[in-house]
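Heads up, the sequence shown is in my numbering, so the first residue is 1 and it goes up one at a time. All residues carry an ideal CB built from backbone N, CA and C; glycine is no exception. Please read all numbers here as calculations on a predicted model, not as lab measurements. As structure tokens, the structure follows; a few thoughts come after it.
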Amino acid sequence: MRASLPRHDFATAGFSRSKTACCLYVILSPEFIASRAGVAPVPHVSRLKAQSVCDQSAQTVWKAIASSTPSRWITMLPRKIHFTYSLALLFITGCSFNSTRYAAETSNAPQRLAAASPLPAPSAPGQTARPAPRPVRQEQQQVASTTQNGEPQLRRVRRVDGIQANFPLPGSEILRPYVQAALERSSESRSAELALQSREAEVSAARAGYFPTFSSQIQYAVADSRDGDREAEGEISANQPIFDWGAVKTQVLRSQEEANSARFTLVQRKEEAALQAVQAYIDVHHAERRIKVAEENITALQRIFNLAERRLEAGASDTSERDLVGLTLDQARSELEDQRSQLNRARTTFRLRVGRDVQNTTALRYDPAVFATSNVDLLASNAPSVRARSREAAALDLSAREAELELLPRLNARGVLNANDDLSDIDTRLLFEMRGPTSVGLGTFRRVEARRQSAAASRFEAEAQREELVRRVREQSQRLPYISNQITILDDQIARAEAVRDTYEQQFVAADRAVADILTAQSKVHELQGQKEDMLRERLLYQYQTLSDLGLLRAAVGLHVEQ
């Protein structure tokens, strides 16, 4: 037998239900909810903007129920819509509850935005935690510059707090279409975008926890008798959370932190895709330069071969000198073919990453201001990879908080409608439920501890990643001046080696120098030129690798970057 009120007692029970309505109005008022949620009451003007019309309607309905005669309200309604009336009250109450909580969240929006900055670094017991660094400030300015032809012009640049370079970098605008094409083609970026959309959908789904939950079920039974009696019964229920210790709010905040982590992961994936395109461009240009160096080597060896033939025709030497130069010339031609193969491979890689071919690349400029930073810790703390890991740690903290709230009882309001197949027996109930925690042994308590440990591990991983990034940036910034000095020294060495080679050629014509000395000098010139091209490539790779790690590569080539 179901425990329910008889039909003839429904009207007499109206008085107690009206008292329940009064209690619900007091409990579910915005001021009461705001005080229990631990937030300041929302001002009247902003609350009218944030709350829907359902909020005012709910208060009007509850006041009308509390002030009216109970039996009059009950007898005015047909029996079959008693539960519809109860469901409407619960739905309006849910709208009021949700709009109040939404207004409270809106009033705390600046605090949530500030929470998107990186977490403070973990500290050992007894030590003071390092405060979270401020976000990187960016501003746009116009500065005077010159074109490649030497003509003055005004460039709109972006200055980033903590770094002295102006974005976009001079000469890097040629990379913009290639980087844009690589971003549109990157599968990693598309995957990260879909992951972000999924997380944003989870935030909307978490906010639905403020509204009532509706459920229904139908039971159909056949009695074990000769007549085969059949009986059908249906039930519709609505459940509205009244007090859950902030469990829904914690779930919403956790979903928002996971969405923030996915957003920074998307920025990281875009920076990686942009870096791959830039590296492919640098490799193509480097292969083209190495081909030019190999061709210059062949030209010099061909000139020496012609000198050896003249000496042979004049009878000043035998064929050994000409054959030695010819052997060296064949080796140079073989090296040229190898460099052409490297160029073909670099262009294939560029085509796969960017989706188009590139011909006759332009040399990129190195900007020493990129590494003239005043605060590496600030830039590293705001790097996309570090911020993604920090937001993940914050989400795990909130997940541990959710597990803690599962150990506390929760108060719900529930409306139930039971009816048989011919609607001759209808029963409606409006209940208050106090649900306690469900635990199998100490599993729930261990789950809380496990989530806390996961959050702590994620924070230390974020700190370790930040420290590694700081170390790498400082190491590269300290190595780059030496690379620049080596390039300058190589230029001087190449000039001296070419001068020695020219002198040897003149002495060779006068029969005062052996051909092996000329080949040695030319080999040294070719070796130094190759080292110089390798150094130029290494310096550019360091520059753009650092910009990508700090999340500034797209800004360096002039693309729009999400703030």
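Cα separation between residue i and residue j?
i: L183; j: K270; result: 6 angstroms
i: L275; j: L540; result: 11 angstroms
i: Q478; j: G171; result: 23 angstroms
i: R207; j: E402; result: 15 angstroms
i: Q342; j: Q545; result: 22 angstroms
i: L411; j: A201; result: 27 angstroms
i: R459; j: V358; result: 43 angstroms
i: A280; j: H286; result: 10 angstroms
i: L194; j: L431; result: 42 angstroms
i: G558; j: V248; result: 42 angstroms
i: Q56; j: A456; result: Bear in mind that the predicted position of Q56 carries a pLDDT of just 47, short of 50, making it too unreliable to give a figure here.
i: V500; j: A332; result: 20 angstroms
i: T265; j: A495; result: 48 angstroms
i: S186; j: A556; result: 19 angstroms
i: G415; j: R447; result: 33 angstroms
i: Q197; j: S191; result: 10 angstroms
i: N591; j: A314; result: With the chain covering only 1 through 563, there is no way to say anything about residue 591.
i: R565; j: E233; result: Absent from the model: residue 565. The displayed extent of the chain is 1 to 563, so no value can be given.
i: Y85; j: S454; result: Annotation note: pLDDT 49 at Y85 (below 50); position unreliable, coordinate value reported separately. Roughly 47 angstroms between the two C-alpha positions.
i: A205; j: F211; result: 11 angstroms
i: R263; j: Q476; result: 28 angstroms
i: Q543; j: N360; result: 22 angstroms
i: V203; j: N485; result: 53 angstroms
i: P177; j: E527; result: 35 angstroms
i: R435; j: E461; result: 38 angstroms
i: R347; j: S381; result: 36 angstroms
i: K524; j: R290; result: 15 angstroms
i: S548; j: R356; result: 22 angstroms
i: P78; j: A450; result: Since pLDDT at P78 reaches only 46, below the 50 mark, its modelled position is unreliable, and the value read off the structure follows with that caveat. Rounded to the nearest angstrom, the two C-alpha atoms are 54 angstroms apart.
i: R199; j: A400; result: 19 angstroms
i: T520; j: R340; result: 25 angstroms
i: I426; j: A419; result: 4 angstroms
How about residue i and residue j: do their beta carbons lie closer than 8 angstroms?
i: Q529; j: V293; result: yes
i: E505; j: I518; result: yes
i: E288; j: E188; result: no
i: I483; j: E538; result: yes
i: L405; j: W245; result: yes
i: L564; j: V515; result: The structure shown does not extend to residue 564, since the chain spans only 1 to 563, so no value can be given for it.
i: G551; j: V179; result: no
i: R474; j: V376; result: yes
i: R452; j: S261; result: no
i: F305; j: L327; result: no
i: L408; j: P437; result: yes
i: A300; j: R322; result: no
i: Q522; j: R513; result: no
i: I174; j: T349; result: no
i: S320; j: R311; result: no
Just confirm the distance between the C-beta atoms of residue i and residue j, as a whole number of angstroms; I'd bet it's less than 8 angstroms.
i: I242; j: A413; result: 6 angstroms
i: L553; j: V354; result: Actually they do not touch by this definition, with Cβ atoms about 15 angstroms apart.
i: L536; j: I487; result: 7 angstroms
i: E231; j: L417; result: About 17 angstroms separates the two Cβ atoms, so there is no contact after all.
i: G209; j: Q251; result: 6 angstroms
i: F214; j: A238; result: 5 angstroms
i: I614; j: L352; result: Residue 614 falls outside the range modelled here, since the chain spans only 1 to 563, and no answer is possible.
Determine whether the Cβ of residue i lies closer than 8 angstroms to any Cβ atom of chain D.
i: V557; result: Of the protein chains in this structure there is only one, and it is not chain D.
The region 294-310 contacting the region 336-345, beta-carbon criterion three pairs below 8 angstroms: yes
contact_flag[the region 255-273, the region 375-395] where n(CB pairs < 8 angstroms) is 3 or more: yes
Stretch pair the region 373-386 + the region 464-480: three plus CB contacts closer than 8 angstroms: The region 373-386, when compared against the region 464-480, does touch it at the 8 angstroms Cβ threshold.
Segment contact flag, the region 167-181 with the region 360-378, C-beta cutoff 8 angstroms, min 3 pairs: yes
Runs of alpha helix (DSSP H) lying entirely within the region 318-405, each at least 4 residues, in chain order: 319-354, 376-381, 384-405
In chain order, each beta strand (DSSP E) run of at least 3 residues that lies wholly inside the region 253-288: none
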